[in-house]
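Scroll down for the structure; my scribbles are underneath it.
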Amino acid sequence: MSAPAHIAPSKDAIANRAIALATRGLSMSFGSLVVARDIDLNLPVGARYALIGPNGAGKTTLINMMTGMLAPNSGQIFLGDEAITHLEPQDRVRRGLARTFQINTLFAGLNPLEAVTLAVIERRGIAGTFWQNIAMHREAIEEAHGILVKLRLGDCCYQPTRELPYGRQRLLEIALALATKPKVLLLDEPAAGVPQDESGDIFEVVASLSDDLTLLFIEHDMHVVFRFASHIIVLVGGAVFAQGTPAEIAADTGVREVYLGKRKHG
Amino acid sequence: MKRVLLAGATLLAAGLMAGSAQAQGTIKIGVVLPYSGQFADAAKQVDEGIKLYMKKHGDTVAGKKIEIIRKDSGGIAPPVAKRLAEELIVRDKVDILAGWLLTPNSIAGCGVSAEAKKVMVIMNAATSIIVDKSPYCTRTSFTLPMVTTTLGSWAAKNGIKKAYTMVSDFAPGHDAEQGFINGFKAGGGEIVGSVRMAVANPDFSAYVQRAKDINPEAIFVFIPGGAQPAALGKAFAERGIDPKKVKILGTGEVTDDSALKNMGDSALGIITAWPYDHNLKNKMNQDFVAAYKKEFGGDNPNFFSAGGYDGMTLIYEGLKKTKGDADADKLIAAMKGTKWTSPRGPMMIDPETRDVVETIYIRRVEKVGGKLVNVDFNKVENVKDPIHEAMKKK
Amino acid sequence: MLPPVLGVLFDGIAYGMLLFLLSVGLSVTLGLMNFVNLAHCAFAMLGGYVTVTLMNVLHWPFFATLPLAFLIAAAASVAFERTLYRRLYRASDLDQVLLTIGIAFVSVAVAAWFFGTTQQPVDMPAYMRGSFNVLGLNIAAYRLFLVGVGVAVTVALIGALEYTRFGAQVRAAVDNQRMASGLGINVDLTFAITFALGSGLAGLGGALAIEIVGLDPNFAFTYLVYVLIIVSVGGLGSIAGSFAAACLIGISDIAGKYYVPELGAFLIYLVMVVVLMWRPAGLFGKR
Amino acid sequence: MPASAAPSTPQQYLQSLSRWHPIEIAFWLATLTPFLLFPTYLSLASQIAVAALFALSLDLILGYAGIVSLGHAAFFGIGAYTAGLFSKFVWGEPLSGLLVATAMAALVGYASSFIVARFRHLTLIMITLGLGLLLAEAANSAGWLTGGSDGLQGVDIWPLLGLFKFDLYGTTAYAYSLSVLFVVFLMARRLINSPFGLALRGIRENWVRMPAIGADSRSHIRKVYTISAGVAGIAGAVIAQTTSTVSLEALSFERSADVLVMLVLGGAGRLYGGLVGAAIFMIARDQFSGIAPQFWYFWIGILLIAVVMLLPNGILGGLSKILARWRGR
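These protein sequence lines map, in sequence, to chains A, B, C and D.
Numbering-wise (the working numbering), the first sequence opens with residue 1 and increments by one.
Numbering-wise (the working numbering), the second sequence opens with residue 1001 and increments by one.
Numbering-wise (the working numbering), the third sequence opens with residue 2001 and increments by one.
Numbering-wise (the working numbering), the fourth sequence opens with residue 3001 and increments by one.
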């Protein structure tokens, strides 16, 4: 299905803003299963994009391709003006493209302070220093602590990660990504598995992030999506089915039929 | 951790006390052998040689009580062997170091013998140079070149013109190969090919096939004792190399009792050179074999046991001459030139080199009374280590 | 007349089958159950001693002892599995290594205690000792027999593990214990049987190996490296992989010793390193 | 532990983690006791120190970065042969020999780290094993250099600092190995508490997450592998110098396997794990083989089985768990 999306991106909204992350013709398949079909996206600086679509639509795969954990069969990825299609994952992170994971991918034996400090020292390029005590690097430690406080993890930052409540672990996912000082942050279901009454807290944190940060998040809860997203991308069968403002998406009959009408996700 | 250390400490302290409670009239002999691991069987046989001698001749000589302290070096491990030798001297206060199955361990032991001024009796390790490493070191086994050079010249003298050699690719193999080639060429023989075989090698078929392709008149083999001789013998049989047609020449390990049992009739006709076999027909040996079998459950003694037995003979004879004085200078002086009769025949310690001088027997595997035995049909007397002989000439 | 290279191939495959029979059991336990059993060769050694004892003490014929070598090794392994191994199914690999090395140490000492440190003799029937000539090639009877057993074991195992209900149960139990027991699979029993199968095969391999490599108490360690090589080169849990790896290693070892004996000692390790660098999961590995 | 420390700032908290514990000080004081209490056990103590050093080097890669190696003896052997050859062909001064041996082992470690960093799990174990065995075979073949299976001849080590001869009692040997062990331990301790140490723990805890926080795990692994190889080389050099012997056994599979057993026995991933494991293994072996030279395998085996069953994650891992439970009550 290479037909144009039902709704063209509202050009005036993004025309005068620089593009933070873009993809061109991104395609990938596992054998006969097509997981990405000619995906073209433009994420302007500071945008809050939601990526929605039914299970198996290829949302996580798209994030994996953007961050370099999967290699697309064809197409290109740009971070700002730079083509990053063939960079290693860590090199993309260093250029400002960070992500979180749908399933907690944390350092179980480290405590949040150690984990976030690790991310900070990696960014600062001092992680190879083996002749100094880590406590010498006060700025890095205080930066890490600052991130934890901001994400409301300050009171449990000395507790081993594996002992933290699940909701706290989800926040730590975000804290680790923020410690890399990203320009673009890809959040893969940040509130996955969190009870509904707590998931609001996580998105409050997300919403409070700096305006310069470009966000793309995957989320199933439409209330959350409509509340926090400035733009929505609908992915179906590995292709962009529609994209636009929440109002435009809500009004779109195609989306309603194909996606919203059929599936109401809780 | 502390508690563990303390527990260890008490254990160790107990050991110390035992060590210092030394009777005046005792001579202690520290025996270092690889009692565990790959060479455990050989070590056991050397040890049984020691035990049998002491059983027969009592544990006192020249008015001194002989006490044996055994240490396990656990395979090839020179640092361990050296440490054990040091501990035997500083902690157990031994007067003589003995045992020594493996060359690298023996060389490490020699360092201790030289520094501590203690006589060291090598009961097996067969590399020529070992005895040069300490002025107090002597040997009652044999050296590989003694055996293989003798075999090489015997082969050349007895109508074999062309031979192929197969040896394990490690230092003793190289010594054996060189010894055979020296003896064989000196007698006018020609080497038509050589192969060095991987040391860790469960399957000989490829090497044997190579030898067979060349179809030599004779094949000389050297491999370490243990599992390999049987495997090699079987490979010969399997490839249809008949020792009656192609002469297979080797050292005694190849036709050791346990190897013969595994090879079966395919071993018939293999010719080996060796300083000892339980089949030797002298009265002393027959008594030795009978006593050994009685004592240790039916197996025949072999060259390991003979090395241990004669090592003890040398120690006893030396102590008799010094009247029980184990001072290294006196004892080694007494041991030099010592002659005695062993189950393997007349023996002597070369006064110049401190190395052993003995008879090398040429034997052929034959069936006697339904059993495979090494029947000696020729011998060379008073064989000295050819490497030391060559060094003397220089 | 056939060219000698065929003879080399045959000898290589026969040697490979020896390695295969020793290691296939580990492929089952390590590959399917994810249990690092470094005592594998201790069970092989047990099989060897069963055969030697039956032959030398009770004068059984060689072939009659083989089923017992399998059964006794399997039975002994179940005893260990029930008492020790099962407690470590979820422990770290390193703890499994420590336990099984400990068991191997004990087995060496116990074997030395009961059987002494000497090489154990086996008296093969005469027709197994010889060889016959096929168009100029020298085919050793025992090696032909080894190839036969190797192929039979491969076919039987692939059949049992991939095409039977038991095989499906094993795979289910390994993938997800909780779900498997939810489906009514007796996970405990399945694991015990799988383990017994792996160790029984080791026992059989040990019994068959004596004729070529001999048997002494150090057996539990001597062949461990070879066994690990076959399993890793073949790919974890793949019977066909182990078979292919054994052939590859056997042929390259024999061919190396025959054509370039200078490399004789290196080749087996070189082949392993090269294969693993090319295919890190092994020839037939999935992960 | 963290809660009880109650630090006022995050920096002070991290500082407190690397503070010396009284037990540590007691441990190092205890290592001096053999000089006074067991003067005839100094040779053994020296070899325990070397084994501890070797186990510490393996701990750096296995315990802290999760890289299991069954070929670590390669670097031990390179250190031993370099030190031996240096004394034979250059001079016998031990400290310079130690430095050269360390550099050589680290250099080879660096070269092989490019291979090692590409693999994980069983493949990694088998590749390290294969490379180790290849090196051992090469050393056997290169008899002209190494002396082959007879061992290297002509190793001649001068007195330490020109004053202290390596004597029969092992006094100099133990003083030397213990000092080297202590200095290397201090460096390892610093490394573990450094930013790099934190990155290594990150690799061990979650290999997948590391690239997502911008970390290049492979370059970390190359670095720690090089360091670990250098430390293994130090251990090999010390054994060569204190015993004046070098043989193929230094490169053997058994040595690689033994050090792994010692480390796991003591507790991998703990600075003292290798030290405690080496001490217990070697003392137990010495005592058991004193009782029954032929059957000490049995008792060592029982010891290993008992430790796994009673103290999972090694002696230190198990003890700390028991201690934590006891405190929690």
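C-beta: ideal position from N, C-alpha, C; glycine also.
Note that the structure is a prediction, hence the values are computed from the model and not measured.
Query, Result
"Continuous beta strand (DSSP E) stretch holding Lys1064 of chain B: start and end", "Lys1064 to Asp1072"
"Closest Cα partner of Gly2150 of chain C within the set C:Gly2214, C:Asn2133, C:Cys2247 and C:Trp2060", "C:Cys2247"
"Any C-beta of chain A under 9 Å from that of Phe3196 of chain D", "yes"
"Beta carbon proximity, Ile121 of chain A to chain D, threshold 9 Å", "yes"
"Test item: CB-CB of Leu2021 of chain C and Val2153 of chain C under 9 Å", "yes"
"Chain-ordered chain D contacts of Gln90 of chain A [CB-CB under 9 Å]", "Met3210, Pro3211, Ala3212, Ile3213, Gly3214, Ala3215, Asp3216 and Ser3217"
"Touch test, the stretch 1257-1265 of chain B against the stretch 1339-1352 of chain B, Cβ-Cβ under 8 Å, three pairs minimum", "no"
"4-residue-minimum alpha helix (DSSP H) runs that sit fully inside the stretch 2068-2119 of chain C, ordered along the chain", "2093-2115"
"Element boundaries [beta strand (DSSP E), containing Glu1190 of chain B]", "Glu1190 to Met1197"
"Contacts of His1174 of chain B in chain D (Cβ-Cβ under 8 Å)", "Gly3143 and Gly3148"
"Minimum Cβ-Cβ distance from Leu2236 of chain C to chain D less than 9 Å", "yes"
"Buried versus exposed, by CB contacts within 10 Å (16 or more), Ser3244 of chain D", "buried"
"Where Leu2088 of chain C falls, given that 16 or more other Cβ within 10 Å makes a residue buried", "buried"
"Ser3289 of chain D (DSSP reduced to helix, strand or coil)", "helix"
"Stretch pair the stretch 200-215 of chain A + the stretch 115-130 of chain A: three plus CB contacts closer than 8 Å", "no"
"Closer than 9 Å to chain B by CB, Pro2003 of chain C", "no"
"Same chain only: Cβ atoms within 6 Å of Ala1023 of chain B, ignoring 5 sequence neighbours per side", "With a pLDDT of only 45 at Ala1023 of chain B, under the threshold of 50, the placement of this residue in the model should not be trusted; the figure read from the coordinates follows. Excluding positions up to five away in sequence, the list is empty."
"Any C-beta of chain C under 9 Å from that of Glu1238 of chain B", "yes"
"Chain D residues whose Cβ lies nearer than 8 Å to that of Gly128 of chain A", "Pro3195, Phe3196, Ala3199, Ser3219, His3220 and Lys3223"
"Cβ shell of Pro2121 of chain C (< 8 Å), same chain only, five flanking positions each side left out", "Val2052 and Asn2056"
"Buried/exposed call for Trp1100 of chain B, threshold 16 Cβ in 10 Å", "buried"
"Boundaries of the beta strand (DSSP E) in which Asn1374 of chain B is found, first to last residue", "Lys1371 to Val1383"
"Within-9 Å CB hit, Ile3078 of chain D to chain B", "no"
"Lys1082 of chain B versus Lys1384 of chain B - alpha carbon distance", "28 Å"
"Residue interval of the beta strand (DSSP E) (run including Ser3046 of chain D)", "Segment Leu3042 to Ala3065 is the alpha helix (DSSP H) holding Ser3046 of chain D; no beta strand (DSSP E) there."
"Assigned exposure category for Glu1048 of chain B - 16 Cβ within 10 Å defines buried", "buried"
"Spatial distance of Gly96 of chain A from Asn55 of chain A (CA atoms)", "28 Å"
"Short CB-CB distance (under 9 Å) between Arg3204 of chain D and chain C", "no"
"Proximal residues of chain C, C-beta to C-beta of Met1197 of chain B below 9 Å", "Lys2257, Pro2261, Gly2264 and Ala2265"
"Any beta strand (DSSP E) of 3 or more consecutive residues that is wholly inside the stretch 1023-1063 of chain B", "1026-1033"
"Cross-strand partners of His223 of chain A (DSSP beta bridge)", "Paired residues: none, contrary to the question."
"Pick from D:Val3276, D:Phe3298, D:Gly3132 and D:Ala3142 that is closest to Leu3319 of chain D, judged by C-alpha positions", "D:Val3276"
"Rounded C-alpha distance that separates Leu1232 of chain B from Ala1155 of chain B", "21 Å"
"Cβ shell of Val2123 of chain C (< 7 Å), same chain only, five flanking positions each side left out", "For the record, residue 2123 of chain C in the displayed sequence is Asp; it is not Val. The answer, listed in chain order, is Met2055."
"Beta-bridge pairing of His231 of chain A - partner residues as DSSP gives them", "A:Tyr49"
"CB contact check: Ala3003 of chain D to chain A, cutoff 9 Å", "The pLDDT assigned to Ala3003 of chain D is 46, lower than 50, so where the model puts this residue is not dependable; a value taken from the coordinates is nonetheless given after this. Yes - at least one Cβ of chain A is within 9 Å of the one on Ala3003 of chain D."
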